[in-house]
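Protein sequence lines correspond, in order, to chains A and B.
Residues in the first sequence are numbered from 1 upward in steps of one, following the numbering used here.
Residues in the second sequence are numbered from 1001 upward in steps of one, following the numbering used here.
Glycine included, C-beta positions come from ideal geometry on N, C-alpha and C.
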Amino acid sequence: MSIRHAMLALLAEAPKYGLQLRQEFEARTGEVWPLNVGQVYTTLQRLEREGHVESDDAGRDGAQKRYRLTAEGERELHGWLRTPPQAGPPPRDELVMKVQVAARLTQVDVTEILQAHRRRIVEEMQRYTHLKADAAPEDVGLGLVVDAELFRLEAVVRWLDAADARLRNHPTPSADAGTPNADSAGTPNAADGRVERPAGDNTAGARR
Amino acid sequence: MSVVLSLRQVSKVYGVGAAAVHALRAVDLDVAAGELVAVMGPSGSGKSTLLTIAGTLEEPTAGQVTVCGSDVSTLSADATARLRRRSLGFVFQDLNLLAGLSAVENVALPLELDGMAVRPARAAALRVLDELGLTDRAGHFPDDLSGGERQRVAIARAVVGDRRLLLADEPTGALDAANGEAVLRMLRSACKRGIAGVMVTHDAQLASWADRVIFIRDGRVVDQTAPSAGPDALLASDPPR
């Protein structure tokens, strides 16, 4: 998850101060991705220059400035949510983040985001399966490679289905715009794609 | 390609009043000859109801079902049963093979029920079993066949004769990957020969054999895959990760 999109996601909940953004980012990512103040302000400056965010008070320094998302920034965030994750192992994690963000944003229908990714993956699986179906059964090399990809993609679809059912049974309340305190961030586990517990999320226990 | 199955604004409600369950809501679906369509959705999404309505086993609460050019609502019960026997083939999870009949007898049964004499019916059944690699199993009873073989016999029974629409509900059941793939190859080749196929499943690997995948949720068609770009698209995209 890029810092810029994380900032946009946090600002989509409510306008926030620079320092608050840094705290919330670290808390939400289970503090596995520490951010220095400089990174936060460089990112915010760039976002402001690009018109994705705007600040209230040009006179103050970054820490005291209150930032809010512009319509352009919202479009950028929503575009990112729908963009297939970058290649590279394990690609699932970016998807987990997107769904995590989508589940908290009131302006986004998380079911629709899940379905957009499900459809894209099934389309990719169709291409692989048809390749296998049209090949000679003796072409074992092709079958092995295609199967590996199909099983990997199938696992992602199954995760999307499980996420769909989980979010349906326990809808995530809209993101609390109040001051989050980084009380006890959950244990992150990027290796198996488990979702870390966002700070301030009182439903985290119920969602597991 | 001619449209073999057409659902127009098909809805199905079970029960009435507060207890009413809307299994299907205004579903539109066309399936052409030679096309295999998968219907994917979670349990309770209405996909099995869609299949039984497409198979004329149930009537919709509202909407129009056209099978092989006939508006099903205008057909008599006898005519509907005849359409089902002649033109439709079913592969359900419970295979419904009759334990007291051999493989070839099971496959020939729908033809005989439709009035065909025993001898040509058996000959037609043997031809299909042969295509599915089951010649040497033709005389075996279902209990003496493996799960994969039973599944293939069920498919043979569904495609024997002049069937035009094949309806399958989780057709690979509990088969392992290799047997499941063999079954899907058969379904796909039956469709390539001109049969229209509809397969409902919650399994993405199964669904990916289809030419088109329809996504159903809470009785509504919510999405579908784009027409296949073909395997060449894989070469243009990222290599397998």
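Identification of residues in the segment 1197 to 1221 of chain B having a C-beta nearer than 9 Å to some C-beta of chain A yields 1202, 1203, 1204, 1205, 1207, 1208, 1209, 1210, 1211, 1212, 1213, 1215, 1217, given in sequence order. In terms of beta-carbon proximity, residue 154/A lines the interface with chain B, with at least one pair separated by less than 8 Å. For residue 1046/B, there is no enclosing alpha helix (DSSP H), since its DSSP letter is neither H nor E. The DSSP-derived three-state label of residue 1130/B is helix.
Taking the Cα of residue 96/A as reference, the smallest distance to any Cα among 84/A, 8/A, 55/A is reached at 84/A. Residue 1120/B and residue 1086/B have their C-alpha atoms roughly 15 Å apart.
DSSP places residue 1201/B inside the beta strand (DSSP E), whose first and last residues are 1196 to 1201. Against residue 1226/B, the close residues of chain A are 123, in the order they occur along the chain (beta-carbon pairs closer than 8 Å). Among the residues facing chain A, residue 1142/B is not included, as its CB has no counterpart in that chain under 8 Å away. Residue 24/A is positioned such that its CB atom lies closer than 8 Å to that of residue 10/A.
Interface flag for residue 129/A against chain B is set, since a Cβ pair is found closer than 8 Å. The Cβ of residue 1223/B sits closer than 8 Å to at least one Cβ of chain A.
Assigned with DSSP and collapsed to three states, residue 1192/B falls in helix. Residue 1080/B: member of the alpha helix (DSSP H) spanning 1077 to 1087, first to last residue. Using a Cβ distance threshold of 8 Å, residue 1157/B and residue 1107/B count as a contacting pair. Interface flag for residue 150/A against chain B is set, since a Cβ pair is found closer than 8 Å. Around residue 40/A, no beta-carbon contact reaches into chain B at under 8 Å, the shortest distance being about 32 Å. With respect to the C-alpha of residue 1008/B, the residue from 1029/B, 1020/B, 1115/B, 1193/B having the closest C-alpha is 1029/B.
Per the coordinates, the alpha-carbon of residue 64/A lies some 7 Å from the alpha-carbon of residue 18/A. Every unbroken stretch of the alpha helix (DSSP H) spanning 4 or more residues and falling wholly within the segment 1102 to 1165 of chain B is given here in chain order: 1103 to 1113, 1118 to 1131, 1147 to 1159. Beta-bridge pairing by DSSP links residue 1216/B to 1221/B. Taking a Cβ-Cβ threshold of 8 Å, the residues of chain A close to residue 1042/B are 161, 164, 165, in chain order. For residue 111/A, DSSP assigns no beta-bridge partner whatsoever. Taken through DSSP and simplified to helix, strand or coil, residue 117/A comes out as helix.
The straight-line gap separating the alpha-carbon atoms of residue 154/A and residue 1116/B is approximately 44 Å. Residue pairing from DSSP places residue 67/A in a beta bridge opposite 16/A, 55/A. Using a CB distance below 7 Å, the part of the segment 1170 to 1196 of chain B facing chain A consists of 1185, 1188, ordered along the chain.
For the set 1198/B, 1057/B, 1219/B, the Cα lying nearest the Cα of residue 1209/B is the one of 1198/B. Around the beta carbon of residue 137/A, fewer than 16 other beta carbons lie within 10 angstroms, which makes this residue exposed.
Residue contact with chain B for residue 119/A: present (Cβ-Cβ distance below 8 Å to some residue of chain B). Fully enclosed beta strand (DSSP E) runs of no fewer than 3 residues occupy 1021 to 1032 of the segment 1006 to 1036 of chain B, in order along the chain. A direct Cα-to-Cα measurement between residue 1047/B and residue 1053/B gives close to 10 Å. Under the three-state reduction of DSSP, residue 1064/B is assigned to strand.
Residues of chain B whose Cβ lies closer than 8 Å to the Cβ of residue 157/A are, in chain order, 1204. Between residue 1160/B and the set 1077/B, 1043/B, 1212/B, 1195/B, the nearest pair of CA atoms involves 1195/B.
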